[in-house]
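Quick notes on the structure that follows.
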Amino acid sequence: MKRVFALAAFAAVAATLTGTANAASFKGVVVAKDAKRKALVTASHGALRTVRAPGRYGRFHIGQRVAVTATPRSDGTFTARTLRPAGRSKQVRFSAVIVKSERVRLIVTGGGSVFAFRLRRLSTAALGNDHELAPGDKVDVDADVRGDHVEAGPNQVDQSGHVEMLVLEGIFLFTKSDGFDLAVVHRGLVHVSVPTGMVLPEFKAGDQIVLVVSVSAAGKFSFVKGQREERPKTEPPGSEGYAYGPLVARSAFSVGVKRENGEVLRCAVPSGLDLSMFGIGEKVKLS
Numbered sequence: 006m007k008r009v010f011a012l013a014a015f016a017a018v019a020a021t022l023t024g025t026a027n028a029a030s031f032k033g034v035v036v037a038k039d040a041k042r043k044a045l046v047t048a049s050h051g052a053l054r055t056v057r058a059p060g061r062y063g064r065f066h067i068g069q070r071v072a073v074t075a076t077p078r079s080d081g082t083f084t085a086r087t088l089r090p091a092g093r094s095k096q097v098r099f100s101a102v103i104v105k106s107e108r109v110r111l112i113v114t115g116g117g118s119v120f121a122f123r124l125r126r127l128s129t130a131a132l133g134n135d136h137e138l139a140p141g142d143k144v145d146v147d148a149d150v151r152g153d154h155v156e157a158g159p160n161q162v163d164q165s166g167h168v169e170m171l172v173l174e175g176i177f178l179f180t181k182s183d184g185f186d187l188a189v190v191h192r193g194l195v196h197v198s199v200p201t202g203m204v205l206p207e208f209k210a211g212d213q214i215v216l217v218v219s220v221s222a223a224g225k226f227s228f229v230k231g232q233r234e235e236r237p238k239t240e241p242p243g244s245e246g247y248a249y250g251p252l253v254a255r256s257a258f259s260v261g262v263k264r265e266n267g268e269v270l271r272c273a274v275p276s277g278l279d280l281s282m283f284g285i286g287e288k289v290k291l292s
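Mapping the sequence shown onto the numbering used here, position 84 (from 1) lands on 89, and the numbers just tick up by one.
Take a look at the structure:
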C-alpha cells in the first residue's frame, strides 16, 4: 500500500491512500454532515476525513459505512468520485482536537472539518481527565451512534495531548475591535483575535472560510492565516513553494522534501505540530 502525505507550513494532513497520487480509496463511518459544504465527515481507524459529495450528500446518514474513491483537495479534504453504502455501525472511534467545550456537547476539529458530538454527561470535567477539556486539547473518542447523532459517555473521551495550532472552518460573521467572530457548526460561535500588524484578508459576512489559528494557554484563538473556501490558494507544481517527493529531513523545527530535480525544499514547523507520523523516504506534497 502506498502512502502519500500532504504537508503545509502551518498544518499537516495525512491519509492512507491506494492507487495513484490523484485518487484515494478508503472506507469509513459517517460521524458528521456539513450541509453548506455538502460534505460527509468519516472516521476510519481513528482518522477523520472530509468527503465532499455534492448531489449525493443527502443519501447518506450518521453511522452509515461508506466506501469512497475520491480526489484529494489542496485543503486536505476530498472530492468524491464514487461513494457507496457499505453497511452501518453502532460505534465510532476517532481522534480530534477540542475547539469548544459546552455543557452537553463538544465541538472539535479534525480531517478538515469542525463538527460537534453530544455528551451524556452534563459536565465535561472528569471525562477521563483530571481537568475540564479546553481548546487545543487532543482527544481520543470512542462514541456510540444513536439515531441521527453521535454520543459519548463520561468514559469515552480521553485527552491524549495538546496542540498549539489548529484548523477552523466556518462562516465569517463580523469584525470586532480585536478580531472577528466565526460561526462553527449549529449555534457554535468562536472569537478569533488578529495580532497587531497582521493584515486580515477581505472577508465578508457570510463567507465560508478556512483558518489556521494559534491557541493560547488561556484557550484563546489568534489568526495565523486564512482564505475563502471557494477560492483556495494553491501553488502549481514547480513553483518556489511546492515540492512533491520523498521526505528527506524531519526535526522538531523543520521538514525537507526532495524535488525531482534533486533540490530540497525546507519548511519551518510551528511549535506544537506533531510530525512523528511521517517517515523518512515516504512520498509527501509540501506547499
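Each residue gets a CB set at the ideal place from its N, CA and C atoms; glycine is no exception.
Buried or exposed for residue i, please, with buried defined as at least 16 other CB atoms from any protein chain shown within 10 angstroms of its CB.
i, result
"Met203", "exposed"
"Lys290", "buried"
"Pro242", "Note on Pro242: pLDDT 46, under 50, position unreliable in the model; the coordinate value appears next. Classification of Pro242: exposed, given that the 10 Å Cβ count is below 16."
"Ala148", "buried"
"Ile103", "buried"
"Lys38", "buried"
"Lys181", "exposed"
"Thr114", "buried"
"Ala26", "Reliability fails at Ala26, whose pLDDT of 46 lies under 50, so the model's placement of it is uncertain and no value is given."
"Ser165", "exposed"
"Thr47", "buried"
"Ser118", "buried"
For residue i, I'd like the list of residues in its chain whose CB is within less than 8 Å of its CB, leaving aside the five on either flank, ordered along the chain.
i, result
"Ala210", "Phe177, Leu178 and Phe179"
"Ser49", "Phe31, Lys32, Gly33 and Val34"
"Val199", "Asp183, Gly184, Phe185, Leu205, Ser227 and Phe228"
"Leu127", "Confidence in Leu127 is poor, its pLDDT being 49 and thus under 50, which makes the residue's placement unreliable; the coordinate value appears in the next sentence. Counting only Cβ-Cβ distances below 8 Å, and skipping sequence neighbours, we find Arg108 and Val109."
"Lys105", "Leu111, Ile112, Pro140, Val189, Gly193 and Val195"
So what does residue i bridge to, in DSSP terms?
i, result
"Ile112", "Lys105 and Ala121"
"Gln232", "Val215"
"Gln96", "Asp149"
"Thr74", "Ser30 and Thr87"
"Phe143", "For clarity, residue 143 is Lys in the given sequence; the question names Phe instead. Per DSSP, Val102 and Gly166."
"Phe226", "Val197 and Val220"
"Gln69", "Arg93"
"Val56", "Leu45 and Phe83"
"Leu307", "Shown here, the chain extends from 6 to 292; a query on residue 307 therefore has no answer."
Work out the CA separation of residue j and residue i for me, nearest whole Å.
i, j, result
"Ala40", "Gly63", "9 Å"
"Arg78", "Tyr249", "15 Å"
"Gln96", "Ala28", "28 Å"
"Glu169", "Thr84", "29 Å"
"Val36", "Pro251", "33 Å"
"Leu111", "Ala254", "36 Å"
"Ser256", "Arg271", "11 Å"
"Phe65", "Lys43", "11 Å"
"Ala222", "Asn266", "43 Å"
"Ala52", "Thr201", "36 Å"
"Glu107", "Arg192", "11 Å"
"Leu171", "Gly231", "12 Å"
"Glu174", "Val144", "19 Å"
"Ala91", "Gly284", "32 Å"
"Ala234", "Val73", "In the sequence as displayed, the identity of residue 234 is Glu instead of Ala. Going by the C-alpha atoms only, they are around 22 Å apart."
"Leu187", "Gly60", "27 Å"
"Asp142", "His167", "4 Å"
"Gly261", "Val217", "21 Å"
Is the beta carbon of residue i sitting closer than 9 Å to the one on residue j?
i, j, result
"Thr76", "Thr55", "no"
"Gly158", "Arg125", "yes"
"Val146", "Ser100", "yes"
"Val109", "Leu138", "no"
"Ala121", "Val215", "no"
"Val155", "Arg123", "yes"
With a threshold of 7 Å on Cβ separation, who are the neighbours of residue i within its own chain once the five nearest residues in sequence on each side are excluded?
i, result
"Arg93", "Gly68, Gln69 and Arg70"
If I measure Cβ to Cβ from residue i and keep anything under 6 Å in the same chain, skipping five residues before and after, which residues do I get?
i, result
"Arg3", "Residue 3 falls outside the range modelled here, since the chain spans only 6 to 292, and no answer is possible."
"Arg89", "Ala72"
"Gly224", "Ala139 and Pro140"
"Arg98", "Gly51 and Asp147"
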